[in-house]
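Take a look at the structure set out below.
Numbering (this note's numbering), first residue to last: 16 to 118.
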């Protein structure tokens, strides 16, 4: 588990298609990039599925707008540690950008 004590974060309560959700913004170094954690207020197994099925770009834009206007609050945050890895084939992307002679 990752435990962060007495740090400043932005946090809001919002709704997505009648689904209550708590949102926490975890900034990375430099504040240029952050991760949003969305937690449904209902704590049952289907709540996350319901939230994911309802989530749209417009919802995320609204949440980002709301959370950017919030002042920082001192919070204690405990979340599981996790690691995400993804392999991306850059060849088609670079070829689209005109870098065909590299391959």
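Just so it is clear, CB atoms sit at the ideal spot from N, CA and C, and this is done for glycine as well.
Computed from a prediction, not measured in an experiment: that's the story for all the values here.
> Can you tell me whether DSSP reads residue 79 as helix, strand or coil?
Replying inline: helix
> Name the DSSP beta bridge partners of residue 54, please?
Replying inline: 37
> How would you call residue 25, buried or exposed, if buried means at least 16 neighbouring beta carbons within 10 angstroms?
Replying inline: buried
> So residue 128 packs on residue 34, CB below 8 Å; how close in whole Å?
Replying inline: Residue coverage of the chain in this structure runs from 16 to 118, which leaves residue 128 outside it and unanswerable.
> Which class does residue 90 belong to by DSSP, given the choice of helix, strand or coil?
Replying inline: strand
>> Quick check on this structure: which residue in 116, 100, 47, 94 has the alpha carbon closest to the alpha carbon of residue 20?
In response: 94
> Along the chain, where does the alpha helix (DSSP H) that runs through residue 60 open and close?
Replying inline: 60 to 69
> Around the C-beta of residue 39, are 16 or more other C-beta atoms found within 10 angstroms, so that it is buried, or is it exposed?
Replying inline: buried
> Are the CB atoms of residue 72 and residue 54 nearer to each other than 9 Å?
Replying inline: no
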